[in-house]
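> Line by line, the protein sequences give chains S and Y. Numbering of the first sequence is given in this note's numbering, commencing with residue 1158 and proceeding in unit increments. Numbering of the second sequence is given in this note's numbering, commencing with residue 1158 and proceeding in unit increments. Please see the structure below; I have some questions.
2 protein chains.
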Amino acid sequence: MSKLDLEGVDRRGFLKTTGLGLGVAVGTLVFGPGIASAAEGSAAPVAEGAFPYVNLDPREGMLRGHAGYWKSGCAYGAFYAITSMLREKVGGPYTQVPYRMMAWGRGGGANWGTLCGALTGACAAINLAAADADVNKLVSELMGWYSTFSFPSTDATKMGVAGAFTQTAKAYPKIELIQTTSNSPLCHVSNATWIAASGIPLGDDRRKERCARLTADVVAKTISMLNDYKAGTFVPVFKMNEETETCLGCHEQHQEGKMSCTECHEPHEY
Amino acid sequence: MSKLDLEGVDRRGFLKTTGLGLGVAVGTLVFGPGIASAAEGSAAPVAEGAFPYVNLDPREGMLRGHAGYWKSGCAYGAFYAITSMLREKVGGPYTQVPYRMMAWGRGGGANWGTLCGALTGACAAINLAAADADVNKLVSELMGWYSTFSFPSTDATKMGVAGAFTQTAKAYPKIELIQTTSNSPLCHVSNATWIAASGIPLGDDRRKERCARLTADVVAKTISMLNDYKAGTFVPVFKMNEETETCLGCHEQHQEGKMSCTECHEPHEY
């Protein structure tokens, strides 16, 4: 039993008193027998609440998102971009969540083509920084924005053509790329739409550069939403299209989702 | 300058020497001025490698997955189930990754119906525990298994009917539930298929219980895969169906994904 235990302060109480339990971890310390055993064992669990958020620069986020894409894919890129900036500006709890944990989302989840990985990475970052009651609002808005946005943005194209993505270790095609709207948050639809319009195949570096710039765009949008959220000025604007709204008039309880129905289903008379 | 700095040990070196840098965080300590400044500032970043994994009990995982679903949804449930067990058995770095960070995946991502949230939560846990080179293999296998599995499993149904999910704070329907195979990892398809077969609507507690048991099943499968992976005996068995393989014979470079094509597209002559 440690000295502090003998003094009637258990480990949890000790951590609370010293502020060590407030979302800050403490490992096995080796400053001396007394203190070491006071804090030994596993680290105090991180608090289950939103991490602190401070305003971030969307353009810096674009650079990191792009670089992260070329390092380990879209989901890694988006998550790395946002959380690496928060590590630098906030530190604390962000430093203990590994960048790599969202890499699985690449290509819509191990290349299955489900949710766009840039969204997967960004949504996990949103969840870290936003309160439970607000996560759905922010994530839903991001999905809606994504579905109706023309990727890659003109800004990302300008940066790409100008060679501004200097953090990228690998060479990337410094060219203009066609823009498309996918009408869906799914990687499969997003890529298939762009590939059909551009005639550039999946394995081509230009297609990858398209997704690197898309990752940059998703990061910039996420940061801009989180900055607004932090300022208390975030207002969701996404609305389902009228067609989908009509479908859900009858089918709302027949399914889960806000994706456009006619992307997969034939419309029918009613 | 701290005492340790004066002795020629910088902060990084100090953390390395004491083992505090090995994936374990240290906050601003308040044991005294000397020690406080030795460890002050932001925590040493967690290592960007797989966290340690130890064998887990799939049945215990089912209980926690089910309970987590009823607390904060499918994605929370799956991620909580696996990482809470790893916190208890491994401790260390798992304690600093908040359970709540994957909650956004509920209902296929803020109820958008994209990737099943139980998969979203489980995949993030896989990514924490598996090496970079193996993440895609494990995640892809889980997606494939999910697409062809009949949910909820007979085991989960037995546990549900027997009232075995005792960790769940809320009451849940202790009834048999129809089983369906969704042929897709998407929440939308998974739910719509089950709702069509059961006649039970989305908002019904029985439908939610179906997803709670599905979460339990996804956790059990993930744990069983990770146990095999740890033992060096994991072998992926998922194969795309022949129809999809035929499609990809021509269309592989036209899209990203492994989902069944004819779920959304009409087959065509070639």
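Ideal Cβ placement from N, Cα and C applies to all residues, glycine included.
Between S/A1354 and the rest of its own chain, which residues show a CB-CB distance below 6 Å, the 5 nearest in sequence each way excluded?
Position 197 of the first sequence, counted from the first residue, corresponds to residue 1354 of chain S. The answer, listed in chain order, is I1335, T1337.
> For S/L1307, which residues does DSSP report across the bridge?
Counting from one through the first sequence, the residue named residue 1307 of chain S turns up at place 150. A quick correction: the sequence has Ser, not Leu, at residue 1307 of chain S. Bridge partners of S/S1307: S/T1338.
> By DSSP's criteria, Y/L1276 is part of a beta bridge. Which residues make up the other side?
What you label residue 1276 of chain Y is simply residue 119 of the second sequence in a count that begins at 1. The partner list for Y/L1276 (beta bridge, DSSP) is empty, contrary to what the question assumes.
> Which one of S/T1311, S/H1425, S/A1319 has the shortest CA to CA distance from S/L1472?
Residue coverage of chain S in this structure runs from 1158 to 1427, which leaves residue 1472 of chain S outside it and unanswerable.
> Based on Cα-Cα distance, which residue from Y/A1287, Y/A1326, Y/N1348, Y/N1284 lies nearest to Y/Y1226?
On the second sequence, residue 1226 of chain Y is found 69 positions in, with the first residue counted as 1. Ranking Y/A1287, Y/A1326, Y/N1348, Y/N1284 by Cα distance to Y/Y1226 puts Y/A1326 first.
> To the nearest angstrom, how far is the alpha carbon of Y/N1329 from that of Y/A1235?
If you number the second sequence from 1, residue 1329 of chain Y lands on position 172. If you number the second sequence from 1, residue 1235 of chain Y lands on position 78. Before going further, note that residue 1329 of chain Y is Tyr rather than Asn in the sequence given. Their backbone Cα atoms lie some 18 Å apart in a straight line.
> Considering only their Cβ atoms, is the gap separating Y/P1309 from Y/R1364 smaller than 8 Å?
In the second sequence, the residue the question calls residue 1364 of chain Y occupies position 207. In the second sequence, the residue the question calls residue 1309 of chain Y occupies position 152. No, Cβ-Cβ distance for Y/R1364 and Y/P1309 is not below 8 Å.
> With contact counted as at least three CB pairs below 8 Å, one residue from each stretch, are the stretch 1241-1252 of chain Y and the stretch 1264-1282 of chain S in contact?
Contact fails: fewer than three Cβ-Cβ distances are below 8 Å.
> Leaving aside the five residues before and after Y/K1387 along the sequence, list all residues of the same chain whose C-beta is less than 7 Å from its C-beta, in chain order.
Translated into the one-based positions of the second sequence, residue 1387 of chain Y becomes position 230. Taken in chain order, the residues that qualify are Y1210, N1212.
> Could you check the C-alpha separation between S/Q1260 and S/E1426 for me, to the nearest Å?
On the first sequence, residue 1260 of chain S is found 103 positions in, with the first residue counted as 1. On the first sequence, residue 1426 of chain S is found 269 positions in, with the first residue counted as 1. Looking at the sequence itself, residue 1260 of chain S is Ala, so the reference to Gln does not match. Those two C-alpha atoms are separated by around 43 Å.
> Can you name the residues that DSSP bridges to Y/L1343?
Residue numbering aside, residue 1343 of chain Y sits at position 186 when the second sequence is read from its first letter. Partner(s): Y/L1272.
> Report the residue from S/K1228, S/I1239, S/P1342 whose alpha carbon sits nearest the alpha carbon of S/V1376.
Your numbering for residue 1376 of chain S matches position 219 in the first sequence. Ranking S/K1228, S/I1239, S/P1342 by Cα distance to S/V1376 puts S/I1239 first.
> Exposed or buried, what is Y/S1341 when buried is set at 16 or more other beta-carbons lying within 10 Å of its beta-carbon?
Mapped onto the second sequence, residue 1341 of chain Y falls at position 184. Y/S1341 comes out buried.
> With 8 Å set as the bound, which would you pick, yes or no: does the beta-carbon of Y/G1234 sit closer than that to a beta-carbon of chain S?
The sequence position of residue 1234 of chain Y within the second sequence is 77, counting from 1. Judged by the 8 Å Cβ criterion, Y/G1234 is not in contact with chain S.
> Between Y/S1297 and chain S, is any beta-carbon pair separated by less than 8 Å?
Residue 1297 of chain Y sits at position 140 when you count from the first residue of the second sequence. With 8 Å as the cut-off, Y/S1297 counts as an interface residue toward chain S.
> Under a three-way DSSP split, which group does S/N1348 fall into?
Here residue 1348 of chain S corresponds to residue number 191 of the first sequence, with the count starting at 1. Helix, per DSSP.
> In chain S, which residues lie with their C-beta within 7 Å of the C-beta of Y/V1211?
Walking along the second sequence from the start, residue 1211 of chain Y turns up at place 54. Simply none; closest approach about 13 Å.
> If we ignore side chains and look at the alpha-carbon of each, how far apart do S/G1180 and S/F1208 end up?
As a first step, residue 1180 of chain S is located in the first sequence; it is residue number 23 there, counting from the start. As a first step, residue 1208 of chain S is located in the first sequence; it is residue number 51 there, counting from the start. The predicted model places S/G1180 with a pLDDT of 32, which falls under 50 and marks its position as unreliable; any figure quoted below should be read in that light. Cα to Cα, the separation comes out at about 8 Å.
> Looking at S/G1218: is its Cβ nearer than 8 Å to the Cβ of S/R1263?
Start at 1 with the first residue of the first sequence, and residue 1218 of chain S comes out as number 61. Start at 1 with the first residue of the first sequence, and residue 1263 of chain S comes out as number 106. Going by C-beta atoms, S/G1218 is not nearer than 8 Å to S/R1263.
> Using a beta-carbon distance below 8 Å, is Y/G1414 in contact with chain S?
Here residue 1414 of chain Y corresponds to residue number 257 of the second sequence, with the count starting at 1. Closer than 8 Å to some Cβ of chain S, the Cβ of Y/G1414 qualifies, so yes.
> Helix, strand or coil, according to DSSP, for S/V1392 in the structure here?
For the purposes of this step, residue 1392 of chain S is taken as the residue at position 235 of the first sequence. S/V1392: coil per DSSP, three-state reduction.
> In terms of alpha-carbon separation, which member of S/T1305, S/P1255, S/H1345, S/P1215 lies closest to Y/H1408?
Here residue 1408 of chain Y refers to the residue found at position 251 when the second sequence is read from its first residue. The option with the nearest alpha carbon to Y/H1408 is S/H1345.
> In chain Y, what lies closer than 9 Å to S/P1330 by C-beta?
Mapped onto the first sequence, residue 1330 of chain S falls at position 173. Here the premise fails: no neighbours, minimum Cβ distance about 17 Å.
> Taking CB distances under 8 Å as the criterion, tell me whether S/L1272 reaches chain Y.
On the first sequence, position 115 is the one that residue 1272 of chain S refers to. Yes, because at least one Cβ of chain Y sits closer than 8 Å to the Cβ of S/L1272.
> Going straight from the alpha carbon of S/L1220 to that of S/Y1233, what length do you get?
Here residue 1220 of chain S refers to the residue found at position 63 of the first sequence. Here residue 1233 of chain S refers to the residue found at position 76 of the first sequence. Those two C-alpha atoms are separated by around 14 Å.
> Taking 6 Å as the limit between beta carbons, can you name the residues of its chain near Y/C1418, skipping five residues before and five after?
Locating residue 1418 of chain Y in the second sequence gives position 261, counting from the first residue. Answer for Y/C1418: T1401, C1404, listed in chain order.
> Between Y/A1287, Y/N1348, Y/L1285, Y/A1321, which has its C-alpha nearest Y/Y1303's C-alpha?
Taking the second sequence and counting its residues from 1, one reaches residue 1303 of chain Y at position 146. Of the candidates Y/A1287, Y/N1348, Y/L1285, Y/A1321, the one whose C-alpha sits nearest the C-alpha of Y/Y1303 is Y/N1348.
> Rounded to whole angstroms, what's the CA-CA distance from S/P1215 to S/R1257? Just pull it up for me.
By 1-based counting over the first sequence, the position of residue 1215 of chain S is 58. By 1-based counting over the first sequence, the position of residue 1257 of chain S is 100. One C-alpha to the other measures close to 21 Å.
> How would you write the range of the alpha helix (DSSP H) that Y/M1460 sits in, first residue to last?
Only positions 1158 to 1427 of chain Y appear in the structure, and residue 1460 of chain Y is not among them; the question remains open.
> List, in chain order, every chain Y residue whose beta-carbon is nearer than 8 Å to that of S/D1362.
Numbered from its first residue, the first sequence carries residue 1362 of chain S at position 205. Here the premise fails: no neighbours, minimum Cβ distance about 13 Å.
> Relative to the C-alpha of S/H1223, which candidate in S/T1305, S/Q1324, S/V1292 has its C-alpha closest?
On the first sequence, residue 1223 of chain S is found 66 positions in, with the first residue counted as 1. Closest option to S/H1223, Cα to Cα, is S/Q1324.
> Looking only at its chain, what residues have a beta carbon closer than 6 Å to the beta carbon of Y/T1350, apart from the 5 residues adjacent to it on each side?
Numbered from 1 along the second sequence, position 193 holds the residue referred to as residue 1350 of chain Y. If we look at Y/T1350 and ignore the five residues flanking it on each side, its Cβ neighbours are T1337, S1339.
> Roughly how many angstroms separate the alpha carbons of S/A1321 and S/K1315, rounded to a whole number?
Position 164 of the first sequence, counted from the start, is the residue given in the question as residue 1321 of chain S. Position 158 of the first sequence, counted from the start, is the residue given in the question as residue 1315 of chain S. Spanning the two alpha carbons is a distance of roughly 8 Å.
> Can you pull the chain S residues whose beta carbon is under 8 Å from the beta carbon of Y/C1260, in chain order?
The residue given as residue 1260 of chain Y occupies position 103 in the second sequence. Per the sequence presented here, residue 1260 of chain Y reads as Ala, with Cys not at that position. N1284, D1289, V1292, listed in chain order.
> So what's S/A1288 in DSSP terms, helix, strand or just coil?
Along the first sequence, one-based indexing puts residue 1288 of chain S at 131. Of the three classes helix, strand and coil, the one that applies to S/A1288 here is coil, per DSSP.
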